[in-house]
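The next block holds one structure in the form of structure tokens; read it before the comments.
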Amino acid sequence: MTPTIVLPVIVAGLYAAGVYLLLDRSLTRVLLGFLLLGNAANVLLLSAGGVAGLAPILPVDDESAINDPLPQALVLTAIVITFGISAFVLAMIYRSWRLVRDEVVQDDAEDLRVATREEIDADERDPELMDPADRGPGDGFTVEAGPRRDDPETPSDDVALGLAGAVEAENESAEAKAVGEVRRTPAGGHGRDKY
Amino acid sequence: MDDVIRVLTPLPVLLPLLGAAGALLVGRHPQLQRTLSIVVLSAVLAVSVSLLVMADSQGATSVSVGGWPVPLGIVLVVDRLSALMLVVANTVTLGVLVFAVGQGVADGDETDTPLSIFHPTYLVLVAGVSNAFLAGDLFNLYVGFEVLLAASYVLLTLGGTAGRIRAGITYVVVSLMSSLVFLAAIGLVYAATGTVNMAQLAVRLGELPAGTQVLLQSMLLVAFGIKAAVFPLSAWLPDSYPTAPAPVTAVFAGLLTKVGVYAIIRTNTLLFPDGALDDLLLWAALATMVVGILGAVAQTDVKRMLSFTLVSHIGYMVFGIALGTTAGFAGAIFYVVHHIAIQTTLFLATGLVERRGGTTNTEKLGGLAKASPLLAILFFVPAMNLAGIPPLSGFIGKLGLLEAGVAVGGVGPYVLVGGAVVTSLLTLVAIARVWGRAFWRPRSVDTADEDVAEVRPAAGTATTTAEIAENRLPRTMVAATAAFVAVTLAITVFGGVLYGVADRAATDLLDRTPYLESVFGDQEIR
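Chain order of the listed sequences is R and B.
Numbered by the working numbering, the letters in the first sequence go through residues 312 to 506 in order.
Numbered by the working numbering, the letters in the second sequence go through residues 459 to 984 in order.
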């Protein structure tokens, strides 16, 4: 039998499309990309088993006529793993949507802060000249700036909503202080760690 | 003796998995759950230690799971390297579990906790790590990686706050990519050789054309390089680790990247001993060290600074691997052991700093050395160790690697030796900045004000400074961290013994016959 060109072409197409989607910021596209890549890997594993043949069930008369069973076992395992992880990613996308009303990956606040900072030594700096995000907490303004817990406009999630970047992190901890959770959970906003 | 090993070998995987099931069942009884997890991990540690003792005295052994003859079935292989890694991994996971339990008890309110999933997930993580270390089969290694990664996804996004979901997304997507590259590599390896048994691969891969070998090796190295955070595949790490809860970050930082390093060691010794990509790895090691440490110097947050030093010090291990000599591998293995312990300790100490000071931002911290001298010691000792101050274990590990580099000689290794020294100095700079800011300088007026005026009365219960000093650092957490500091000192004191084991492990690795014979016995491998 001759090797088929169809499977390699399909694998290449799936990989290309999958990687392209995975590079997107939108999480739904990332998930679709992951699914395509998973299928690409599975087809690759299948084609690694060589040419198609009969079902590999004992007893066999002609060993060369049967298919290689190992790649099929590997593919089954890989499918189960891909399935489980996809479910987790879906749950994460949903949670992200609930929290920030957006399924696009946000910029990292601390990254931006470090990248845009002008000098390293804060000790010698006048607080008046500092970026608000670099200033220490407790200036009394950030609490009002954030979404209030009793605000009817704010959906009922127990976390600061709708604010990207450093302001959010500030508000989160300021808010946590306001409700008195800080002594127990100094991280601010991570108040639910129990082991 | 063989029967004992046959029984013991699967236990580091089996016990945590069964324990995870048990912990799920008793999820409504936190006290029971905690006891169960600690008992299970203590048992696993005992098993690992006895495996190491046996492996070190009699050499490598293997077990065919389910009684299927090699190479049809899955084999678990215990040699000096995997046994050593098991012992270190289980010591760290047990210690961090005690720390986490201490934190859970201190924070209270377990009756309606939605987070009874922590213990089962944590045990699954341990099972995955053990499986990856024991796997004698490429696909089983993949399964081990997936098990530990799936557990790590859950642990990293624990509680599902906005920051953690954001960090978790980066982490999950990057890990998925590495898993898929790994899976594709397995498919290609199978297509080329017709087996996934690592001992059999060791022989069959060598018969392939050189170009095919380089392709397969580079795919495996990319997959493991992402997991080990080797530059330029390391950008995900400082982004995703710092947001997780302190114990989770500690165990991830200590352990998970080292599983990647372990897989790289296996790839470069057992599967592809030719060293075709060693030059490339050497420069990757230099870039990892330098880029990582420059990132660390720029940070103001302790956790982020530590994450960057973690990336940077992975470079030392890759340096040892890339040298390709016994001394290089021995240095890399010793450095892995040292670094697992030290990085975990530092992250746990940082967790205590966060509880004590309310933040990990060095611009807001201050005066901790005076406020909490014990905490200062717990941070200072491992910090100096990380920077490689003699006579601590970081110095021993770095010295071993530098000697190995000089012994090899040539432009590349000498540049790397220079880079390693500079990185070490810059680590000291980064660590000293944190120490100076958070511990040494006096607490500034406005931060103190904020602490007293807003936080403490709002907290409701404790009002005096003394009360808070006691309340803030639960004894179990401090004890667990102190135990870790003791372990890192023990690595220093017993450095000679440990280096001996690492040296014998490296000799075995380069020799390859102990591994092959343990799997196939007297059979001829085809």
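Even for Gly, the Cβ is constructed at its ideal location relative to N, Cα and C.
Keep in mind the model is a prediction, meaning the values are calculated, not measured.
Environment of residue i [buried if 16+ CB atoms lie within 10 Å]
i	result
R/D372	exposed
B/F853	buried
B/G778	buried
R/I368	exposed
B/A964	buried
R/A363	exposed
B/G524	exposed
B/D570	Confidence is the limiting factor: at B/D570 the pLDDT is only 39, short of 50, which leaves the residue's position unreliable and the question unanswerable from this model.
B/D461	exposed
B/Q757	buried
B/A479	exposed
B/I644	buried
Chain R contact for residue i (CB, 8 Å cutoff)
i	result
B/A756	yes
B/M747	no
B/F626	A small fix is needed here, since residue 626 of chain B is Gly in this sequence, not Phe. Answer yes: the Cβ-Cβ gap between B/G626 and chain R drops below 8 Å somewhere.
B/F597	yes
B/R1002	Limits of chain B in this structure are 459 at one end and 984 at the other, which puts residue 1002 of chain B out of reach.
B/L806	no
B/I623	yes
B/A642	yes
B/A938	no
B/V471	no
B/V399	Past the boundaries of the shown model lies residue 399 of chain B; chain B is included only from 459 to 984, so the question cannot be answered.
B/Y648	yes
B/A620	yes
B/V601	yes
B/A478	no
Cβ-Cβ distance between residue i and residue j below 8 Å
i	j	result
B/L663	B/F730	yes
B/T946	B/I722	no
B/L534	B/T493	no
B/A501	B/L473	yes
R/L342	R/L410	no
B/T818	B/K761	yes
B/A481	B/L581	yes
B/M935	B/G560	yes
B/A708	B/V554	yes
B/G621	B/T701	yes
B/G870	B/K856	no
B/L826	B/G815	yes
R/V386	R/L356	yes
Closer than 8 Å to chain B by CB, residue i
i	result
R/E374	no
R/I396	yes
R/G349	yes
R/L343	no
R/P382	yes
R/L387	no
R/L338	yes
R/D419	yes
R/A359	yes
R/I392	yes
R/V425	yes
R/L333	yes
Sequence-distant residues of its chain with Cβ nearer than 6 Å to residue i (five each side left out)
i	result
R/G360	D379, P382
B/A422	For residue 422 of chain B there is no data in the structure shown, the boundaries of chain B being 459 and 984.
R/A327	none
Minimum C-alpha distance to residue i - residue among the options
i	options	result
B/I496	B/V584, B/S522, B/P527, B/A564	B/V584
B/V977	B/P900, B/V528, B/V498, B/L472	B/V528
R/D422	B/A693, B/A890, B/V943, B/F710	B/A693
B/Y629	B/F576, B/F710, B/S676	B/F710
B/L646	R/V416, R/E374, R/E414, R/A352	R/A352
B/A678	B/G868, B/L739, B/V706	Per the sequence presented here, residue 678 of chain B reads as Leu, with Ala not at that position. Comparing Cα-Cα distances from B/L678 to each of B/G868, B/L739, B/V706, the minimum goes to B/L739.
R/G329	B/M635, B/L695, B/D565, B/A547	B/M635
Residues near residue i in its chain [Cβ-Cβ closer than 8 Å; skip 5 each side]
i	result
B/G594	S520, I532, V533, L534, V535, N655, M656, A657, V977
B/A518	V535, V536, D537, R538, D966, P972, Y973, E975, S976
B/A642	M677
Neighbourhood of residue i by C-beta, 7 Å cutoff - its chain only, sequence neighbours within 5 removed
i	result
B/T670	A650
B/A609	T579, V582, L583, G586
B/A924	Note on B/A924: pLDDT 45, under 50, position unreliable in the model; the coordinate value appears next. Answer for B/A924: no residue qualifies.
B/A890	none
B/T746	V688, F689, S692, V769, S770, I772, G773, V776
R/L347	L325, A328, G329, L332
Please list the residues of the segment 604-615 of chain B that have a C-beta atom closer than 7 Å to any C-beta atom in chain D, keeping them in chain order.
Any reference to chain D falls outside this structure, whose protein chains are R and B.
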